[in-house]
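Number of protein chains: 2
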Amino acid sequence: MDRAPTIKDVAERAGVHAATASRALNPATRGMVNVRTANRVAEAARALGYAPNSAARSLRTRTSSVAGIIVPDLRNPVFPPIVRGIEDGLREAGYLALVGNTDGDPERERELLTAMRGRQTAGFILATSRRGDSFAGGPAVPTVLVNRRTDDGDTPSVTADNAAGVHLLVRHLVDLGHTRIGHVAGPRDLSTGWERYRAFLDATTSLGLEPAAAPVEFADAFTEPAGHAATLRLFAEHPGLTAVLAGNDLIALACYSALAELGRSVPGDVSVTGFNDMPFVDRQRPALTTVRLPHYEIGREAARLLLERIASPTAPAKRVVLPVELVRRDSTGPAKV
Amino acid sequence: MDRAPTIKDVAERAGVHAATASRALNPATRGMVNVRTANRVAEAARALGYAPNSAARSLRTRTSSVAGIIVPDLRNPVFPPIVRGIEDGLREAGYLALVGNTDGDPERERELLTAMRGRQTAGFILATSRRGDSFAGGPAVPTVLVNRRTDDGDTPSVTADNAAGVHLLVRHLVDLGHTRIGHVAGPRDLSTGWERYRAFLDATTSLGLEPAAAPVEFADAFTEPAGHAATLRLFAEHPGLTAVLAGNDLIALACYSALAELGRSVPGDVSVTGFNDMPFVDRQRPALTTVRLPHYEIGREAARLLLERIASPTAPAKRVVLPVELVRRDSTGPAKV
DNA sequence: TTGTATGCGTTATCAC
DNA sequence: GTGATAACGCATACAA
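Those protein sequences? They're chains A and U, same order as listed. For the first sequence, our numbering begins at 207 and goes up steadily by one. For the second sequence, our numbering begins at 207 and goes up steadily by one.
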């Protein structure tokens, strides 16, 4: 088992200097070399099964075709399709994806970023950002935010149209005759939680509900336990609600169990809506009315943006917002009179 | 914005030569250097925020601390916890994880392996193997199989105890009085499908069922559509079955819908069992009786095995089999008499 | 225990 | 259009 062939071996076989072989093999510099020699080199490379040593290339060029993806936890069902979309988008451009989980811990995130940067990662796609985060003095490395974003507009991002989704849901509930609608919101420091909350205020007032008829309770996290607790708090204060707009699907499922505890039926007594359309919420009992996000496309778009960013790092930061879709199922019904 | 500090910068600041700094920073060679200088170097490194350039290190040492994980599709709910377990296990050892999806296409898999190998990947963890696969002349790169394995024992693997799980399920059904139990099996060319199928034959005969009372139908894939079709075929031939053991949870859910189509209730007319205990199958209607696999631990164990393998590549290949657990829920009930 | 010298494989710069 | 050369940052064989 001898060592893998190097560019020197290729050059020798083609009867040229290593530098020439390098130029011939690199699409960007191919033009500098005679077509015939270029072909000879390509032929030799193929014959030898030559594959460039990317460590050497990275060392020399200070970049690589590897991107880092950082998510809170891959086990949260929204992330697999996003990551898959990113991976597909990256791979088409010849990039590979490093994936890391932070569990929402900024310390872990820093460690991961450092570790990845040390491996010459060409760029980052972060699904972990908080509204207040800033990359000002931070990464000279191209970075794209996905799913969540920061408040400042300095970093490119790909998110779903949270506001439109909430408007769709509120209108749907109002159309069903609901006049007292509560919101179990996600954390305020995440753009997803915050945007949906703001849109809820917006939509309810613009549809003529008094603030007292549209109370809000914040969950500490986008999880079932946090959602459960928040739902109980909401109904303790506002027992007369006939509908709940949950910050995401997991919170909506928590509403199911909390309402069952309170002896209320869904949707008989209370209508419930989610956000995300995670796998299997269509098979819950009752099937969840929610807003579908194009998670896979969000991922692909993020990959596209990152590649753009790598190609031209100084271009102004784009913020892409992808459309969402209302999915009516069985967890919403006419308001009880 | 100046360049990242190199080991030279660290050495200079500590007043030593780069070689000494290198030895001081590397745990393996730390012993060769005076404790006081070692501390001085470490201090300088910390002050400068030094992170070794892994491209240079890889070039020099011909290895890297990056491992490749290859799965069919991250969106299949069994993989996220496995990948998460792997990532956690790798990271504790300072390794990063490259993740790629193949959609079950061997061609894509080859491409990914080549691409990753070209980037000095230190090892691979594959969740994509088929029974007949062989790595004989293949990868000199350390490799571990996870979830699935090949028939030959040449490659280390971490799998769940499929046979024990099936025995648990069959005994559970027999205890409930079922005497005509069908099996909607997964693909024969995957070890998961095959082992569960073999165990089904084994368990039913050893518990006294005639082969005719334990018919099998194979699904083309571990998916709902394939499971649906296979379930219909099974009941077309054997309408008298009172229980179905599905090859995995997705096939079990397909049994639900196929049986509903046939006008049979679950578990009133027919009991159904799954395999995996995916997220949310406890919230299906009815909640699924299934076997729980320790997916996260499977992933961690695979990472451990890979690190072992990297440390001593010639040691004999271990095959780790992790225990499973029966989870009784509402999809199984007493046999209809 | 520390310093010196060299090379890993590639590409950028400079000659020709 | 091509060749010679140097340098990317690190780790190690060897010398001191």
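The beta-carbon is built from N, C-alpha and C at its ideal position, and this holds for glycine as well. As the structure is a computational prediction, the values presented were derived from the model and not from experiment.
- As a beta-bridge residue in DSSP terms, Ala449(A) pairs with Ile387(A) and Ser477(A).
- For Met322(A), the CB contacts under 6 Å within the same chain, skipping 5 residues up- and downstream, are Gly274 and Leu304 in chain order.
- For Ser363(U), the uninterrupted beta strand (DSSP E) segment begins and ends at Ser363 to Ala366.
- Short of 8 Å from the beta carbon of Arg219(A), and not among the five residues preceding or following it, lie these beta carbons of its own chain, in chain order: Ala250, Ala253 and Leu254.
- With respect to Val478(U), Tyr502(U) sits apart: the two C-beta atoms are not nearer than 8 Å.
- Setting aside the 5 residues that flank it on each side, Leu396(U) is surrounded in the same chain by Arg336, Arg337, Arg354 and Phe428, each with a C-beta closer than 8 Å to its C-beta; the list follows chain order.
- Of all C-beta pairs linking the segment 261–274 of chain U to the segment 326–334 of chain U, three or more are shorter than 8 Å, placing the two stretches in contact.
- Across the segment 223–248 of chain U, no CB contact with chain A closer than 9 Å is found for any residue.
- Ranked by Cα distance from Ala458(U), the first of Gly469(U), Glu443(U) and Met484(U) is Met484(U).
- Closer than 9 Å at the C-beta level to chain A, one finds these residues of the segment 254–278 of chain U: Gly255, Ala257, Pro258, Asn259, Ser260, Ala261, Ala262, Arg263, Ser264, Leu265, Arg266, Arg268, Ser270, Ser271, Val272, Gly274 and Ile275.
- Look at the segment 283–358 of chain A and you find these whole runs of beta strand (DSSP E), each 3 residues long or longer: 302–307, 329–332 and 349–352.
- Interface annotation for the segment 292–320 of chain A against chain U: Glu293, Leu302, Ala303, Leu304, Val305, Gly306, Asn307 and Thr320, criterion Cβ-Cβ distance under 7 Å.
- Residue state for Gly469(A) is assigned as coil, using DSSP reduced to three classes.
- The DSSP-derived three-state label of Leu494(A) is coil.
- Proximity of the segment 361–377 of chain A to the segment 404–412 of chain A meets the contact definition, three or more beta-carbon pairs being nearer than 8 Å.
- A direct Cα-to-Cα measurement between Arg290(U) and Ala405(U) gives close to 29 Å.
- With distances taken between CA atoms, Ile288(A) lies nearest to Ile504(A) out of Asp536(A), Ile504(A) and Pro529(A).
- A distance of 8 Å or more separates the beta carbons of Gly300(U) and Leu318(U).
- For a cut-off of 8 Å, the C-beta gap from Val350(A) to Ala508(A) is around 5 Å, short enough to register as a contact.
- By the 16-neighbour rule on beta-carbons within 10 angstroms, Ala517(A) is exposed.
- A contact is defined here as three or more CB-CB pairs under 8 Å, and the segment 439–455 of chain A meets this definition with respect to the segment 385–400 of chain A.
- Annotation for Glu218(A): the continuous alpha helix (DSSP H) segment containing it runs Ile213 to Ala220.
- Cα atoms of Ala420(A) and His384(A): separation of roughly 11 Å, rounded to the nearest angstrom.
- The beta-carbon of Gly324(A) is placed less than 8 Å from the nearest beta-carbon of chain U.
- One Cα belongs to Asp536(U), the other to Ala493(U), and the distance between them is close to 5 Å.
- The straight-line gap separating the alpha-carbon atoms of Ser363(A) and Arg525(A) is approximately 5 Å.
- Along the length of the segment 513–542 of chain U, whole beta strand (DSSP E) runs at least 3 residues long occupy 525–528 and 531–533, reported in chain order.
- Here Ala248(A) has Ala230 and Leu231 as same chain residues with Cβ atoms under 8 Å from its own Cβ, once five neighbours each way along the sequence are excluded.
- Neighbours of Leu280(U) in chain A, taken as residues whose beta carbon is under 7 Å from its own, are Pro286, Val289 and Arg290 in chain order.
- As DSSP reads the structure, Ala273(A) sits in a beta bridge with Ala303(A) and Gly329(A).
- Under the three-state reduction of DSSP output, Glu416(A) falls in the coil class, being neither helix nor strand.
- At a beta-carbon threshold of 9 Å, the residues of chain U lying near Arg489(A) are Leu459, Tyr462, Phe486, Arg489, Gln490 and Arg491, ordered along the chain.
- Taken atom to atom, the span from the alpha-carbon of Leu532(U) to that of Asn482(U) is near 10 Å.
- For Val241(A), the enclosing alpha helix (DSSP H) stretches over residues Val241 to Leu254.
- Secondary structure of Phe424(U) (DSSP, three-state): strand.
- At a cut-off of 8 Å between beta-carbon atoms, Pro211(A) makes no contact with chain U.
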